[in-house]
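So in numbering that gives the first Met the number 0, spot 263 of the sequence shown is number 262, and the numbers just go up one at a time.
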Amino acid sequence: MNTAADAPVLVLLHGLGANRHVWDGMAQIIESAGGTVYAPDIRGHGEESWRRPYTFGAMAADAAEVLQRDFGGRRYAVVGHSMGGAVALALASGWFGPPPVWAATIGVKLRWSDEELARIPDLAARPPRLFDDRAGAVDWFVKLSGLFGVVEADDERIAAAVAAGVMPDPDSPGRWRTAQDPATIGVGPPDMTGLLPAAKCAVAMAIGEHDPLVAPDHHADLAAVAATNPHATGVTAPHVFDSLGHNAMVEDPQAVVDWLAEIGAI
Numbered sequence: 000m001n002t003a004a005d006a007p008v009l010v011l012l013h014g015l016g017a018n019r020h021v022w023d024g025m026a027q028i029i030e031s032a033g034g035t036v037y038a039p040d041i042r043g044h045g046e047e048s049w050r051r052p053y054t055f056g057a058m059a060a061d062a063a064e065v066l067q068r069d070f071g072g073r074r075y076a077v078v079g080h081s082m083g084g085a086v087a088l089a090l091a092s093g094w095f096g097p098p099p100v101w102a103a104t105i106g107v108k109l110r111w112s113d114e115e116l117a118r119i120p121d122l123a124a125r126p127p128r129l130f131d132d133r134a135g136a137v138d139w140f141v142k143l144s145g146l147f148g149v150v151e152a153d154d155e156r157i158a159a160a161v162a163a164g165v166m167p168d169p170d171s172p173g174r175w176r177t178a179q180d181p182a183t184i185g186v187g188p189p190d191m192t193g194l195l196p197a198a199k200c201a202v203a204m205a206i207g208e209h210d211p212l213v214a215p216d217h218h219a220d221l222a223a224v225a226a227t228n229p230h231a232t233g234v235t236a237p238h239v240f241d242s243l244g245h246n247a248m249v250e251d252p253q254a255v256v257d258w259l260a261e262i263g264a265i
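Laid out in structure tokens, this is it:
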């Protein structure tokens, strides 16, 4: 791991339906070692406002703006989970400002069925689902964020994520909803054929051994585009976190920190 003096800011970008608090365990480890972490709520999630467009580019531009404004353009490395991984790759392109020194992803879904793609517009157009009590909204949040079955809703590792993931509905007193704008689902799958060739920094990808959304052989689909950019040649062989699932950074934050240190991203 780099010394605190020369370490880049570590930018942590959450996945669809989640919020910045899924990174709390990792942030604590990095900050206790003297590092600097920037883990934002991505637009349409958590405490961030609901504002369109919901695109990977718009999300990357939001992060780039804060990095320039609040961190004085310091060197940074970025780690993105699932949807956030595509945002990390958008930052790696340099289209939105200086690229990071490293871009790493965890659990990016690479294969999408025709049925999944066809459902996206309908899901994105639906109004927020309302619940008569907080418990119902919490159950829905852990499903939307991919945390269902990973940890219990009252687990201290995601207590802050749950608290920030649900809220009273401002238009329906006494009812609850998640803090995620359903329209964010419209971001859809990432264009890996455009993102990987554009990367201007080293790119590394990882998955959990038991991630139901992606498997090592899915990364073979990236061979052609990875071959066009020396920075991306390694993405066809992702790092696999043993015994972990889609939310590896929640299940075992130290394992993710160790991987980032091993590849030189931190």
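Don't be surprised by glycine CBs; every beta carbon is placed ideally from N, CA and C.
Among the bridge pairs identified by DSSP, T104 is matched with G79 and M204.
For G93, the closest C-alpha among the options G106, V77 and L11 is that of V77. Three or more beta-carbon pairs drawn from the stretch 231-240 and the stretch 212-222 are found closer than 8 angstroms, and the two stretches are therefore classed as touching.
F55 carries a helical assignment under DSSP once its states are collapsed to helix, strand and coil.
For H20, the CB contacts under 6 angstroms within the same chain, skipping 5 residues up- and downstream, are A159, A160 and A163 in chain order.
Counting the other CB atoms within 10 Å of its CB gives K108 a total of 16 or more, which places it among the buried residues. In this structure A178 is in contact with M166, their Cβ atoms being roughly 5 angstroms apart against a cut-off of 8 angstroms. Sequence-distant partners of P7 (beyond 5 residues in either direction) whose C-beta falls short of 6 angstroms from its own C-beta, in its chain, are R74, Y75, A76 and V100. Shortest Cα-Cα distance from A205 to any of D138, A102 and P196 involves A102.
Contact between the stretch 56-68 and the stretch 24-36 is absent, with fewer than three C-beta pairs closer than 8 angstroms.
DSSP places V161 outside any beta strand (DSSP E); the residue lies instead in the alpha helix (DSSP H), whose first and last residues are A158 to G164.
Taken in chain order, the unbroken stretches of beta strand (DSSP E) that lie wholly in the stretch 185-263 and span 3 residues or more are 201-207 and 238-240.
Straight-line spacing of the CA atoms in V224 and A91 works out to 15 angstroms. By a beta-carbon distance limit of 8 angstroms, M248 contacts M25. Their separation comes to about 5 angstroms.
In the three-state reduction of the DSSP assignment, R133 falls in the helix class. In this structure, the alpha-carbon of H245 lies about 24 angstroms from that of E30.
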